[in-house]
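Shown next, in structure tokens, is the structure this report addresses.
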Amino acid sequence: MKLKKGVNIIDQHDKFGFYCNGKFGGNFVAETARKPIEDLSKLFEKLRKSKKFLKKRDFYFKHYLGGETPFFKLNNLTKYLGGAQIWCKDVSAINGDAHKAYHATVNALICKESGKKFIAGDTGAGMFGKNLALAAKEMKLSAKIFMGTKDISRQAPNVKFMREAGAEVVPVDSGSKTLVDAVSECMRHYVSNCDTTHLAVGSAIGANIFLKICAWSTSQISRELKRQLIREFGEIPKLKLINVIGGGSSALGFWNEFIDYDKKHVELIGVEAKYAAPLATNAKVAILHGAAQYCLVDKEGQIAETHSLSAGLDYPGSSPLHGLLKDTKRARYTLASDKEALNAFKLVSKLENLRPSLEPAHAWSECIRIAPKLNKTDVIVVNNCGKGYKDKKIYIENIGYYPK
Amino acid sequence: MKNSIDNIFKEAKNQNRPALISYTVCGDNNKENSLNILNSISENIDIAEWGIAHNCPTADGKEIQNSSYRALTNGIKLKNIFQMVKKYKKNKFSKPIILMGYYQMIFNYGEVKFIKKCKEVGVDGLIVVDLSYPDNKNFARLCKKNSICFVQLIAPTTSKQRMKEILKVSDSMVYMISMISTTGSALKVTTRKIMENYKIVKKISPYKNVVIGFGITEKTIGKLKSADGLVVGSAICKEITRSLNNRQNPVTNVSRLVKNLKKKTI
Chain A
1 MKLKKGVNII
11 DQHDKFGFYC
21 NGKFGGNFVA
31 ETARKPIEDL
41 SKLFEKLRKS
51 KKFLKKRDFY
61 FKHYLGGETP
71 FFKLNNLTKY
81 LGGAQIWCKD
91 VSAINGDAHK
101 AYHATVNALI
111 CKESGKKFIA
121 GDTGAGMFGK
131 NLALAAKEMK
141 LSAKIFMGTK
151 DISRQAPNVK
161 FMREAGAEVV
171 PVDSGSKTLV
181 DAVSECMRHY
191 VSNCDTTHLA
201 VGSAIGANIF
211 LKICAWSTSQ
221 ISRELKRQLI
231 REFGEIPKLK
241 LINVIGGGSS
251 ALGFWNEFID
261 YDKKHVELIG
271 VEAKYAAPLA
281 TNAKVAILHG
291 AAQYCLVDKE
301 GQIAETHSLS
311 AGLDYPGSSP
321 LHGLLKDTKR
331 ARYTLASDKE
341 ALNAFKLVSK
351 LENLRPSLEP
361 AHAWSECIRI
371 APKLNKTDVI
381 VVNNCGKGYK
391 DKKIYIENIG
401 YYPK
Chain B
405 MKNSIDNIFK
415 EAKNQNRPAL
425 ISYTVCGDNN
435 KENSLNILNS
445 ISENIDIAEW
455 GIAHNCPTAD
465 GKEIQNSSYR
475 ALTNGIKLKN
485 IFQMVKKYKK
495 NKFSKPIILM
505 GYYQMIFNYG
515 EVKFIKKCKE
525 VGVDGLIVVD
535 LSYPDNKNFA
545 RLCKKNSICF
555 VQLIAPTTSK
565 QRMKEILKVS
575 DSMVYMISMI
585 STTGSALKVT
595 TRKIMENYKI
605 VKKISPYKNV
615 VIGFGITEKT
625 IGKLKSADGL
635 VVGSAICKEI
645 TRSLNNRQNP
655 VTNVSRLVKN
665 LKKKTI
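The structure is reproduced here in structure tokens:
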């Protein structure tokens, strides 16, 4: 299997929505949801070609989300680690505090175009939930956010944002009470209300159209980064792009424009949480939430429980697109433990004026691991995809403080 | 075959009533009870659907989720389900049995191996909730090859064109979902509306046995009795939950419920 050059990775599927010769993706959904999903696919294909819609999207990205997020060198961390140059694409500086802002905004815009008045989404860390709630408010839609009760408690600051924005937060108390159960419940809600409700799946997962919309939206990150790299270096230097992987939405956005580059030129490195790492641990392929993907399962085929301090990474599955990137060896996947992520946060927040959330702290951990072994000419860029405020309590509980 | 799905429908039609199809989750609330429940209701049902519990169901309502949860907590495995089907089929009052589940459970076991095993233990039909047309073409072919009835689903959202395509390739039994919903919510459309949809399906395929499911209870079953068949699932699962909560015997309670359901279809 080879990736097609010059074709956006989201479009490298067959007519049934499968990637990689039928191995990943597809549309494993109930008959009831078939038609609404087909309608949504048609609408999305139309909108992504419509100049008017793209203008609207760009307008919202610029004026509502605050425009280009910063890209800068981390001099202290570079000096401290003594190897590669370390740069930060600080996506957390966006209005909305995480890459999910792009995806939530686009979904609200699509919902508006579809004529539906209700929007439903799942959330783990609460970043997608918060941004969807805000976007729904902005566009006068009624939002329902599905969230596991464990996550409601550990990501309380984001729940507050959602409620203040007027969204209904639906607590999901089944199974592990985390993201996987929130997604299931949200999909069930969609099956029951697909005639009136737009489903905004919070990550690059789900039936084909949902992961396409997600990765299409977050790809704004790599469009910006490409411009910023050329501005700084005059060319695309030898790069390592490090990104955390939960469902995989931020990485796909961060990497999108760079997939056609040779991997010796631009290396793509994904970092999963140690006990939620289907890609790094060569998990089996399983069908979860509408798609075939690398996924942690037990012997019987039941979806396995995961464990991570980070709510956004506490998910057994992975994006079918990451399956494709893994199988074609375009991206490399590794993992970081809770402790490694916490240590990375400590170091990065001590040396730099950055307060990453637990999710990107995993990416920072890999950066810290490999930077000393590299040369000055190597450029590492880490996607700092979420702000740490939401994890303040967890940081204090685990490392004793949260820096000012 | 005397006891085949097709004959069962013929027989019910001769008696001028719809076939009554039960849905329970295999292993709910434990292995022994679920087999006892099925045995005890068999004289009043025409076909038994047995659910394969999965821990990430995307189309089940609360009642069936609870049932699946109980079955999984009590350790149900595919291996047990096959053994239990085999055991059930030895009962001389047994009815055709359809296994219903999510594709992941089959995919994980291996499609070919799964269907072979089904044939071996006497499974008559299969419903795979999240393997819809046209993605199910290959699977449907495998079922046909092994004389297992692959039951296609039709929903209120299914367009007429798609309906025609599905019916064209479907086996003799087709499952019509009554409303836009997960399993087991209260009916949110009128029974008249459901029968209108049913007639559309029957007009396209008069000779297929079309069964209606989702939201059917003691209250609504009587008004739908002109259909070829009616599936009651969540109402039974709910009765199991109620019995357990009241420390009553789910076997006798479910048996009574099914008897009443049967009465209302005559």
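Chains A and B are the protein sequences, given in the same order.
Residue numbering for the first sequence follows the working numbering, beginning at 1 and increasing consecutively.
Residue numbering for the second sequence follows the working numbering, beginning at 405 and increasing consecutively.
Backbone N, C-alpha and C fix where the C-beta goes; we use that ideal spot for every residue, glycine too.
Query                                                                                                                    : Result
Assigned secondary structure, B/Phe-350 (DSSP; H/G/I helix, E/B strand, else coil)                                       : This structure does not reach residue 350 of chain B, given that chain B is present from 405 up to 670, and the question cannot be answered.
Cα-Cα separation, B/Ile-409 to B/Ile-451                                                                                 : 7 Å
Burial state of A/His-63, where buried means 16 or more other Cβ atoms lie within 10 Å                                   : exposed
Closest Cα partner of A/Gly-317 within the set A/Glu-340, A/Asp-298 and A/Gln-293                                        : A/Gln-293
Beta-carbon proximity check, A/Ile-9 vs A/Leu-321, cutoff 8 Å                                                            : yes
Chain B within 8 Å of A/Leu-309, Cβ atoms only                                                                           : no
Cβ-Cβ separation, B/Ser-446 to B/Asn-495 (assumed contact under 8 Å), whole Å                                            : 7 Å
Segment contact flag, the stretch 122–137 of chain A with the stretch 101–108 of chain A, C-beta cutoff 8 Å, min 3 pairs : yes
Contact list for A/Lys-35 against chain B, beta-carbon separation under 7 Å                                              : Thr-561, Thr-562 and Ser-563
For B/Phe-486, the three-state DSSP class (helix, strand or coil)                                                        : helix
Start-end ranges of the alpha helix (DSSP H) lying completely within the stretch 178–216 of chain A, minimum 4 residues  : 179–193
Identity of the residue in A/Arg-223, A/Val-169 and A/Gly-83 nearest A/Glu-68 by Cα                                      : A/Arg-223
Where the stretch 296–323 of chain A meets chain B: residues whose CB sits under 7 Å from a CB there                     : Val-297, Glu-300, Gly-301, Gln-302 and Ile-303
For A/Lys-73, three-class secondary structure by DSSP                                                                    : strand
Closer than 7 Å at the beta carbon, the chain A residues around B/Gln-487                                                : None at all; the shortest Cβ gap to chain A is about 15 Å.
Pairwise C-alpha distance: A/Pro-157 and B/Lys-425                                                                       : The question names Lys, yet the displayed sequence has Ile at residue 425 of chain B. Approximately 49 Å between the Cα atoms of the pair.
Exposure of B/Gln-508, with buried meaning 16 or more beta-carbon neighbours within 10 Å                                 : buried
Exposure of B/Phe-497, with buried meaning 16 or more beta-carbon neighbours within 10 Å                                 : exposed
9 Å Cβ cut-off: residues of chain B touching A/Cys-194                                                                   : Thr-561 and Ile-584
Three-state class that DSSP yields for A/Gln-85 in the structure shown                                                   : strand
Candidates B/Glu-415, B/Pro-422 and B/Ile-412, of which the one nearest B/Gly-626 by Cα                                  : B/Pro-422
Other residues of its chain near B/Ser-582: CB distance less than 6 Å, five sequence neighbours each side excluded       : Ile-598, Ile-616, Phe-618 and Gly-619
Selection of the stretch 162–185 of chain A by Cβ proximity to chain B, strictly under 7 Å                               : Ser-174, Gly-175, Val-180 and Ser-184
Pair within 8 Å by beta-carbon distance, B/Ile-441 and B/Pro-654                                                         : yes
Collapsed DSSP secondary structure at A/Glu-164 in the structure displayed                                               : helix
A/Phe-258 (DSSP reduced to helix, strand or coil)                                                                        : helix
Cutoff 8 Å: A/Glu-31 Cβ touching any chain B Cβ                                                                          : yes
Per-residue burial, B/Leu-591 [other beta carbons within 10 Å of its own, 16 or more giving buried]                      : buried
Cβ contact check for the stretch 322–340 of chain A and the stretch 361–376 of chain A: 3 or more pairs under 8 Å        : yes
Close-in-space but distant-in-sequence residues of the same chain around A/Phe-161 (CB under 6 Å, 5 per side omitted)    : Lys-130
A/Phe-161 Cβ short of 7 Å to the ligand MN heavy atom set                                                                : Judged by which ligands are present, the structure shown has none, so any question about the ligand MN falls away.
is_contact[A/Met-1, chain B] using C-beta, thresh 8 Å                                                                    : no
Beta carbon proximity, A/Ala-200 to chain B, threshold 8 Å                                                               : no
B/Val-555, DSSP secondary structure in three states                                                                      : coil
Nearest candidate by alpha-carbon position, reference A/Phe-118, set A/Tyr-395, A/Glu-168, A/Ala-341 and A/Glu-305       : A/Glu-168
Cross-chain neighbours of B/Met-723 in chain A, by beta carbon under 7 Å                                                 : Chain B is shown only over 405 to 670; residue 723 of chain B falls outside these bounds and no answer can be derived.
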